[in-house]
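**Student:** Let me begin by handing over the structure; questions about it come next.
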Amino acid sequence: MYEGKIIKFYREKNKITQEQLGKGICSGTHISKIERLHTEYAPEIVTLLSERLGINMKYEITKLRNLKDRLYQWQDVIIMQLFDEMDLINDELEKEDLIQISEYINLYQLLRVRYLLMHNLPDDAFNIIHGIQKNEHKLSSYEANLLKHVLGIYYLAKHENLHAVHTLKSIDESDYNNKEYTYHLAAAYHSIESPVMAYYYADKSRQFFKEINNYLRVIDAEMLMLIQVKDDGEFKETIQRFQNLIKSCELCHSPVRKARVLHNLAFEYFRRNKFELACKYYKESMSLKDNDSSPYLLSLDGYIRSSLNGGILTREELIHLVKEGLETAIKKNERLFIILFNLLSFLIEEKEKEYHQYLCDQALPMFKQFGFVYLIQRSKKELFNYYIKFKQTNKALKMAELLINHEKKSCHL
């Protein structure tokens, strides 16, 4: 069944007609039937055609048959986040022309999306997604669910958290045995501040990562579970769990994960108004990140806010850091961080009216668009206090109503 596909592929690759290929061997019409699998043919004919095309048919068939196994190996190393092996298989598959005629072309394209998203290339990934969606009806059940999985990851990368939840929730586990998606669903729920659902799915992902003996991903899941616990006491137990995760990251030689844990520990100190410790851990986290990356900008935002609230840096130092962050955000076209650093600029320069106008007109609509629940609630509280301060009663009441409605909704999640 493979011979006809392979002959057609290499004939077209070499830009020769069916008549030219068959000259002295068989008619062009016979080759057409061989390529379309519409006729029986003698092995000797396939041998002669292969020789003319300069290929070893047995070798080509073996490659085509092995593609499925190689693709699933690629998926496994992507799940395990083994970047060296992931890159090696990607390079190998990029050179494999026969993928284009294999029955696994859609699986390859979907895994290619996963690969691009792992390398922080969401726009390149979406170009492939868009192409796949045009022929979505041709996908197998597994591939259709894999499409939902990669689309959910794409939405997370683009901060479209509500879309991520909706898409990942629609995955059918009975047709999709990759339970890694529960981690991404947990991350999406965390992003919209639904801690119970985030904890539930993070725990499911932790069990899956344990089953496949992937300790690094277990750390990811445990980190996600830990930050759902909002104890407001001395939180000694929580700090100890953070420290244990940091040690685990060091033992596993994973600076990326250590940076993530440090950032989340910094935020826990920030929300408890322990600004010096927040600054310390934000700074440690930033030291392990690429200065041009979104994770770095997120920690920089936290570091500036902690420094401002704690009176730790001078006004000039803060303005310099905001300028650095804003320039990077503009260069990377990171709309969220452009908004956040502009807000910080107004705060530091004590432009109260401009700050709240920008918060109302620019920031809050953008936060709502992408489902940044924490930022939405923080913005509403700031606007409520501002309206109360300046006796804008109607606006204050409207903001209070929005806050109360959110609290009621949270109770029913």
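Residues in the sequence shown are numbered from 2 upward in steps of one, following this note's numbering. Yeah, the Cβ is synthetic: ideal placement off N, Cα and C, and Gly gets one too.
Check this for me: beta carbons of Lys-381 and Tyr-388, under 7 Å apart or not?
**Tutor:** Numbered from its first residue, the sequence shown carries residue 381 at position 380. Numbered from its first residue, the sequence shown carries residue 388 at position 387. Going by C-beta atoms, Lys-381 is not nearer than 7 Å to Tyr-388.
**Student:** Are Tyr-202 and Ala-187 touching if we call contact CB-CB under 7 Å?
**Tutor:** Counted from its first residue, the sequence shown places residue 202 at position 201. Counted from its first residue, the sequence shown places residue 187 at position 186. Taking 7 Å as the Cβ cut-off, Tyr-202 and Ala-187 qualify as a contacting pair.
**Student:** Would you mind listing the beta strand (DSSP E) stretches within the stretch 84-142 that are 3+ residues and don't spill past its ends, in chain order?
**Tutor:** Whole beta strand (DSSP E) segments, 3+ residues: zero.
**Student:** Flag this pair as yes or no: are the beta carbons of Tyr-3 and Ile-62 separated by less than 7 Å?
**Tutor:** Here the question's residue 3 lines up with position 2 in the sequence shown. Here the question's residue 62 lines up with position 61 in the sequence shown. Going by C-beta atoms, Tyr-3 is nearer than 7 Å to Ile-62.
**Student:** Assess contact between the stretch 236-252 and the stretch 109-125, defined as three or more Cβ pairs (one per stretch) separated by less than 8 Å. Is contact present?
**Tutor:** No contact exists between the stretch 236-252 and the stretch 109-125.
**Student:** Taking buried to mean at least 16 other C-beta atoms within 10 Å of its own C-beta, is Gln-21 buried or exposed?
**Tutor:** Here residue 21 refers to the residue found at position 20 of the sequence shown. Exposed is the call here.
**Student:** Assign Ala-279 to one of three DSSP states: helix, strand, or coil.
**Tutor:** Taking the sequence shown and counting its residues from 1, one reaches residue 279 at position 278. Reduced to three states, the DSSP call for Ala-279 is helix.
**Student:** Please list the terminal residues of the continuous alpha helix (DSSP H) segment that includes Ile-340.
**Tutor:** Here residue 340 corresponds to residue number 339 of the sequence shown, with the count starting at 1. It spans 336-349 - the alpha helix (DSSP H) in which Ile-340 sits, taken as one unbroken run.
**Student:** Applying the 10 Å Cβ sphere with the 16-neighbour rule, what's the burial state of Lys-14?
**Tutor:** What you label residue 14 is simply residue 13 of the sequence shown in a count that begins at 1. It counts as exposed.
**Student:** So, is Lys-392 buried or exposed, given that buried needs 16 or more other C-beta atoms within 10 angstroms?
**Tutor:** On the sequence shown, residue 392 is found 391 positions in, with the first residue counted as 1. Exposed: under 16 other Cβ atoms inside 10 Å.
**Student:** Any contact between the stretch 164-175 and the stretch 132-141? By contact I mean 3 or more CB pairs, one from each, below 8 Å.
**Tutor:** Touching, no.
**Student:** If the criterion is Cβ atoms closer than 7 Å, does the pair Asn-146 and Ile-129 meet it?
**Tutor:** Indexing the sequence shown from 1 puts residue 146 at position 145. Indexing the sequence shown from 1 puts residue 129 at position 128. No, these two residues do not count as a Cβ contact at 7 Å.
**Student:** Residues in its own chain within less than 7 Å of Glu-261 by CB, not counting five upstream and five downstream?
**Tutor:** By 1-based counting over the sequence shown, the position of residue 261 is 260. Note on identity: in this sequence residue 261 is Arg, with Glu being the wrong assignment. Once the five neighbours on either side are set aside, the close Cβ partners of Arg-261 are Met-224.
**Student:** Hey, out of Leu-266, Ile-220, Gly-372, whose CA is closest to Gln-241's CA?
**Tutor:** The count along the sequence shown starts at 1 and reaches residue 241 at position 240. Measuring from the Cα of Gln-241, the nearest candidate turns out to be Leu-266.
**Student:** For Glu-353 and Phe-347, what's the separation of their Cα atoms in angstroms?
**Tutor:** Within the sequence shown, residue 353 is the residue found at index 352, counting from 1. Within the sequence shown, residue 347 is the residue found at index 346, counting from 1. Going from the Cα of Glu-353 to the Cα of Phe-347 covers about 7 Å.
**Student:** Please classify Thr-40 as buried or exposed, where buried requires at least 16 other C-beta atoms within 10 Å of its C-beta.
**Tutor:** As a first step, residue 40 is located in the sequence shown; it is residue number 39 there, counting from the start. Exposed is the call here.
**Student:** Excluding sequence positions up to five away, which residues of its chain have a Cβ less than 6 Å from the Cβ of Lys-205?
**Tutor:** For the purposes of this step, residue 205 is taken as the residue at position 204 of the sequence shown. Counting only Cβ-Cβ distances below 6 Å, and skipping sequence neighbours, we find Thr-183.
**Student:** Given this structure, state the Cα-to-Cα distance separating Val-374 from Pro-196, to the nearest angstrom.
**Tutor:** Translated into positions along the sequence shown, residue 374 becomes position 373. Translated into positions along the sequence shown, residue 196 becomes position 195. Each residue's Cα considered, the two are about 12 Å apart.
**Student:** Can you tell which of Ile-377, Lys-149, Leu-263 has its C-alpha closest to the C-alpha of Ile-133?
**Tutor:** If you number the sequence shown from 1, residue 133 lands on position 132. Considering only alpha carbons, the answer is Lys-149.
**Student:** Which stretch, first to last residue, makes up the alpha helix (DSSP H) that contains Cys-250?
**Tutor:** For the purposes of this step, residue 250 is taken as residue 249 along the sequence shown, with counting starting at 1. Where Cys-250 is concerned, the enclosing alpha helix (DSSP H) stretches over 237-252.
**Student:** Thinking C-alpha only, which one of Lys-369, Leu-50, Lys-16, Ala-43 is nearest Gly-25?
**Tutor:** Mapped onto the sequence shown, residue 25 falls at position 24. Out of Lys-369, Leu-50, Lys-16, Ala-43, Leu-50 has the C-alpha closest to the C-alpha of Gly-25.
**Student:** Mind listing, in chain order, the continuous alpha helix (DSSP H) runs of no fewer than 4 residues lying wholly within the stretch 290-336?
**Tutor:** With a minimum length of 4 residues, the continuous alpha helix (DSSP H) runs that stay inside the stretch 290-336 are 295-311, 316-332.
**Student:** Lys-382 by DSSP, collapsed to three states: which one?
**Tutor:** Here residue 382 refers to the residue found at position 381 of the sequence shown. In the structure shown, Lys-382 sits in a helix (DSSP, three-state: H, G or I).
**Student:** Rounding to the nearest angstrom, what Cα-Cα distance links His-131 and Arg-113 in this structure?
**Tutor:** The residue you call residue 131 lines up with position 130 of the sequence shown. The residue you call residue 113 lines up with position 112 of the sequence shown. Spanning the two alpha carbons is a distance of roughly 13 Å.
**Student:** According to the Cβ coordinates, are Tyr-105 and Leu-68 closer than 7 Å?
**Tutor:** For this step, residue 105 is matched to residue 104 along the sequence shown. For this step, residue 68 is matched to residue 67 along the sequence shown. Yes, the Cβ-Cβ distance between Tyr-105 and Leu-68 is below 7 Å.
**Student:** Can you give the Cα-Cα distance for Phe-215 and Pro-256, rounded to whole angstroms?
**Tutor:** By one-based count along the sequence shown, residue 215 stands at place 214. By one-based count along the sequence shown, residue 256 stands at place 255. In the sequence as presented, Phe is not what sits at residue 215; that position holds Asn. Looking at the two C-alpha atoms, the distance is approximately 17 Å.
**Student:** Let me make sure I understand the geometry here. Which of Leu-152, Pro-123, Asp-125 has the alpha-carbon closest to that of Glu-137?
**Tutor:** As a working note, residue 137 is residue 136 in the sequence shown. Looking at the Cα atoms, Leu-152 is the closest of the given residues.
**Student:** Tell me, to the nearest whole angstrom, how far the beta carbon of Tyr-283 is from that of Ser-294; I am working on the premise that it is less than 8 Å.
**Tutor:** Counted from its first residue, the sequence shown places residue 283 at position 282. Counted from its first residue, the sequence shown places residue 294 at position 293. Tyr-283 to Ser-294, Cβ: 15 Å. No contact.
**Student:** Mind checking Cys-412: buried by the 16 CB within 10 Å criterion, or exposed?
**Tutor:** One-based indexing of the sequence shown puts residue 412 at position 411. With a pLDDT of 42 at Cys-412, under the threshold of 50, the predicted position of this residue should be treated as unreliable, and no value is reported.
**Student:** Using CA coordinates, which residue listed in Tyr-359, Phe-371, Phe-210 is at the minimum distance from Glu-383?
**Tutor:** Residue numbering aside, residue 383 sits at position 382 when the sequence shown is read from its first letter. Of the listed residues, the one whose Cα sits closest to Glu-383 is Tyr-359.
**Student:** Would you check if the distance between the CB atom of Ala-364 and the CB atom of Ile-349 is smaller than 7 Å?
**Tutor:** Against the sequence shown, residue 364 aligns to sequence position 363. Against the sequence shown, residue 349 aligns to sequence position 348. No, they are not a contact pair.
**Student:** Using CA atoms only, rank isn't needed, just tell me which of Arg-71, Ser-175, Lys-324 is closest to Glu-95.
**Tutor:** As a position in the sequence shown, residue 95 is number 94, starting the count at 1. Closest by alpha carbon: Arg-71.
**Student:** Rounded to a whole number of angstroms, what is the C-alpha to C-alpha distance between Glu-285 and Leu-217?
**Tutor:** As a working mapping, residue 285 is identified with position 284 in the sequence shown. As a working mapping, residue 217 is identified with position 216 in the sequence shown. Spanning the two alpha carbons is a distance of roughly 20 Å.
**Student:** Is DSSP giving Glu-223 helix, strand or coil here?
**Tutor:** Within the sequence shown, the letter at position 222 stands for residue 223. Three-state result, Glu-223: helix.
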